[in-house]
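Worksheet for the structure shown next.
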Amino acid sequence: MADKPRIKLPKEARKGEIIQIKTLVSHLMESGQRKDAQGKPIPRKIINKFTCEFNDKPVFSCVLEPAISANPYIQFDAKVDEEGTFKFAWTDDDGSVVMAEEKIALKA
Amino acid sequence: MGAINRRQAFLLGGGFVALTVLPMAANAEPSNDAGEMIKKFTGGKEAAKGKITLDLPEIAENGNTVPLALTVESPMTAENYVKEVLFVADGNPNAGVATLMFTPMSGKAEASIRIRLAQTQNVIAVAKMSDGSLFTERKTVKVTIGGCGG
Numbered sequence: 043m044a045d046k047p048r049i050k051l052p053k054e055a056r057k058g059e060i061i062q063i064k065t066l067v068s069h070l071m072e073s074g075q076r077k078d079a080q081g082k083p084i085p086r087k088i089i090n091k092f093t094c095e096f097n098d099k100p101v102f103s104c105v106l107e108p109a110i111s112a113n114p115y116i117q118f119d120a121k122v123d124e125e126g127t128f129k130f131a132w133t134d135d136d137g138s139v140v141m142a143e144e145k146i147a148l149k150a
Numbered sequence: 008m009g010a011i012n013r014r015q016a017f018l019l020g021g022g023f024v025a026l027t028v029l030p031m032a033a034n035a036e037p038s039n040d041a042g043e044m045i046k047k048f049t050g051g052k053e054a055a056k057g058k059i060t061l062d063l064p065e066i067a068e069n070g071n072t073v074p075l076a077l078t079v080e081s082p083m084t085a086e087n088y089v090k091e092v093l094f095v096a097d098g099n100p101n102a103g104v105a106t107l108m109f110t111p112m113s114g115k116a117e118a119s120i121r122i123r124l125a126q127t128q129n130v131i132a133v134a135k136m137s138d139g140s141l142f143t144e145r146k147t148v149k150v151t152i153g154g155c156g157g
């Protein structure tokens, strides 16, 4: 399904700094409202859930509906108190999950 | 003769009133289950105005990707933070848009997404705080080209 997600966040942050994270994953987000050339409805197939964890603790997540645009773009913030790894996961209607990881270091 | 004419005139007038009032009533009422979704989210409690800032274009040329930015006023500490924000659109085939879940580790209750709007309608946000209090905000977006069917 989806290609490698694109994630943008700083490589390092000061302790306690709030950073901005931008994510984009390629996905058609078929709404289930459209019809094909024969007039049959095209079944819904979307990313229905996105989660972000930092060092295995939840930071931000969302439940998505068909009213989310194709190639869902999600931007949010995270507070960095220690160095570690952000884990991102996008769950498809078909049960498959796209995962990605990004490391962040503390500024000396 | 005169009486009939008057009656006819009255009926005609009534017909016009019905014609003009009905579409207006339809516009005022959400055309989908937006109301029920909000009720389910709030547990039937009244949400206060305020704390939420919605950044949405006044006119969206393309309903397929409408940028939506949210900011909720909150210190975002372990004791006091924004837990969940529900987004519904009252003129889409399905009211649900997204539910965002924040934690104190979010640092700020801010997020941006891009949404689909089928027609000119209201986008409504309801925020649930960690202490259970509720806040709401809505914004009307005029849509030039709808972003659902096809």
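So the sequence lines, in the order shown, correspond to chains A and B. Quick note: the first sequence uses the working numbering, first residue 43, plus one each step. Quick note: the second sequence uses the working numbering, first residue 8, plus one each step. Positions of the beta carbon are idealized from the N, C-alpha and C atoms, including for glycine. Predicted model only: the values in this text are computed from it and were never measured.
- For the set Ser73(A), Leu51(A) and Leu66(A), the Cα lying nearest the Cα of valine 104(B) is the one of Ser73(A).
- Bridge partners of glutamine 62(A) according to DSSP: Asp119(A).
- Neighbourhood of phenylalanine 96(A) in chain B, by CB distance below 7 Å: Met112, in chain order.
- If you check each beta-carbon in the region 104-123 of chain A against every beta-carbon of chain B, the ones closer than 9 Å belong to Cys104, Val105, Leu106, Glu107, Pro108, Ala109, Ile110, Ser111, Ala112, Asn113, Pro114, Tyr115, Ile116, Gln117, Phe118, Asp119, Ala120, Lys121, Val122 and Asp123.
- Distances from the alpha-carbon of lysine 58(B) to those of Asp138(B), Val150(B), Thr151(B) and Val133(B) put Val133(B) closest.
- Taking C-alpha positions only, lysine 77(A) is separated from proline 83(A) by approximately 4 Å.
- At a beta-carbon threshold of 7 Å, the residues of chain A lying near lysine 115(B) are Ile60 and Asp119, ordered along the chain.
- The criterion of a C-beta distance shorter than 8 Å is not satisfied by valine 67(A) and valine 139(A).
- Approximately 6 Å separates the beta-carbon atoms of arginine 123(B) and glycine 70(B); this is inside 8 Å, confirming the contact.
- Taking a cut-off of 8 Å on C-beta distances, the region 84-100 of chain A does not touch the region 78-91 of chain B, as fewer than three cross pairs fall below it.
- Below the 7 Å Cβ cutoff, chain A contributes Ala109 as neighbours of asparagine 99(B), in chain order.
- Judged by pairs of C-beta atoms under 8 Å, the region 61-68 of chain B does not touch the region 105-116 of chain B, as fewer than three such pairs exist.
- By the C-beta density criterion, proline 85(A) is exposed, having fewer than 16 other C-beta atoms within 10 angstroms.
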